[in-house]
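Student: full-length UniProt numbering puts the last residue of the sequence shown at 266; the count rises by one with no breaks. Handing you a structure now.
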Amino acid sequence: MHLSSLYRFPLKSAAGESLQRCASDSLGLLGDRRWMVVAAGTGRFLTQRVLPRMALLQAHWQGDTALKLAAPGMPELLVRVPDDKTMRCVQVWSANPVVPDAGETAAAWLSDFLGQACRLVYLPEDDGIQVDLDYARLGERTAFSDGFPFLLIGQASLDDLARRVGRPLEMLRFRPNLVVSGAEPYAEDGWKRIRIGQLTFRVVKPCSRCVIPTLDPATGERAPDREPLNTLLSYRKGPGGVFFGQNLIAEGRGELEVGMPVERLE
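Right, dumping it as structure tokens:
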């Protein structure tokens with residue numbers, strides 16, 4: 001088994017970056033989901049679930065000091081990592097971190113593109129969000145993800161799902177960080193601990209899926225037949241939802257690179 005793809009999503013619910021290598025820190029892949037769009041009035045996080053147009057947002061790190069935003073019909077915008085002069089309380093699921101606001105220019109740019117008043121916020125590494133203690137240890141944190149620092153999917157699992165649906169499916173529909181090739185379909189369901197290169201991970205929880213995989217990642221258009229969600233419901237439904245992929249927590253920090261061997265430890 002080996003790591004066949006590596007993805008980072010600098011802005012939560014925007015398009016992803018395909019990487020050849022990336023370091024990890026205490027919150028996951030370096031720079032992953034460190035930025036988030038929130039409703040201006042409430043501070044609640046915004047995603048493709050209610051704003052499919054977010055799929056068209058491109059966000060790319062410029063070193064570690066700025067984010068470049070791009071979108072159809074919009075001029076590119078460089079947003080500097082904000083300081084702590086303007087702080088904002090935001091909501092991402094049950095967490096309410098107080099984080100730096102990226103300023104009026106970024107807010108106006110995103111509000112114009114998305115068609116509603118919103119703000120852009122940033123999460124410093126020191127302000128990471130505690131992972132659900134039902135699955136994590138005290139002090140294990142994540143960024144603005146939906147709950148966990150890493151998401152892993154087996155390439156064979158996606159291939160099997162595409163065969164059942166009857167058409168090719170893009171891996172980016174499922175927004176993983178780590179894609180593993182060389183295993184049987186859904187082999188990741190039985191893993192408890194793995195090692196990628198020199199970095200060890202605990203496999204802590206299956207990933208429950210929402211409607212986002214029904215959106216074309218290139219266009220933001222929703223599949224009229226609600227695939228692949230309907231097919232997943234036919235054979236991957238369990239208590240609490242429909243599941244595809246596994247959430248991971250890294251034990252320490254390290255470097256990840258496409259092609260690294262993947263070893264099952266438990």
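Yeah, the Cβ is synthetic: ideal placement off N, Cα and C, and Gly gets one too.
Using a Cβ-Cβ cut-off of 7 Å (strictly less than) and excluding sequence neighbours within five positions of serine 4, which residues of its own chain qualify?
Tutor: These residues qualify, in order along the chain: Gln155, Val179, Val180, Ser181, Val258.
Student: Assuming leucine 232 and leucine 152 make a contact with CB atoms under 8 Å, what is their CB distance in whole Å?
Tutor: Leucine 232 to leucine 152, Cβ: 17 Å. No contact.
Student: Taking C-alpha atoms, which residue in Cys118, Pro239, Asp160, Gln130 lies nearest to cysteine 207?
Tutor: That would be Pro239, whose Cα lies nearest to the Cα of cysteine 207.
Student: Buried or exposed, going by whether 16 or more other CB atoms sit within 10 Å of the CB of aspartate 101?
Tutor: Label assigned to aspartate 101: buried.
Student: Look up phenylalanine 243 in the DSSP assignment and give the residues it is bridged to.
Tutor: DSSP, once it has assigned bridges, lists Ser208 as partnering phenylalanine 243.
Student: Sorted by chain position, which residues of the same chain lie with C-beta nearer than 8 Å to tryptophan 26's C-beta, five sequence neighbours on each side aside?
Tutor: First, the amino acid is wrong: residue 26 is serine here, not tryptophan. Closer than 8 Å at the Cβ level, and outside the excluded window around serine 26, lie Glu125, Gly128, Arg141, Arg253.
Student: When you compare each of Val90, Gln20, Arg80 to glycine 41 by their alpha carbons, which one comes out closest?
Tutor: When only C-alpha atoms are compared, the closest one is Val90.
Student: Give the range of the beta strand (DSSP E) segment to which tryptophan 109 is assigned.
Tutor: Note, tryptophan 109: premise wrong, no beta strand (DSSP E); alpha helix (DSSP H) at 104-114.
Student: Taking the alpha-carbon positions, what's the methionine 1 to threonine 214 distance?
Tutor: Computed Cα separation, rounded: 28 Å.
Student: I need the DSSP call for valine 165, collapsed to helix, strand or coil.
Tutor: In this structure, valine 165 counts as helix in the three-state DSSP scheme.
Student: For the alpha helix (DSSP H) that serine 234 lies in, which residues bound it at each end?
Tutor: Taken as a continuous stretch (DSSP letters only), the alpha helix (DSSP H) holding serine 234 covers 229-235.
Student: Could you tell me which residues DSSP pairs with glutamate 263 in its beta bridges?
Tutor: DSSP output for glutamate 263 lists Arg195 as bridge partner(s).
Student: Helix or strand or just coil, what does DSSP make of glutamate 140?
Tutor: Three-state result, glutamate 140: coil.
Student: Count the other C-beta atoms from every protein chain shown that fall within 10 angstroms of the C-beta of tryptophan 109, then say buried if there are 16 or more, exposed otherwise.
Tutor: The residue is buried, with at least 16 neighbouring Cβ atoms inside 10 Å.
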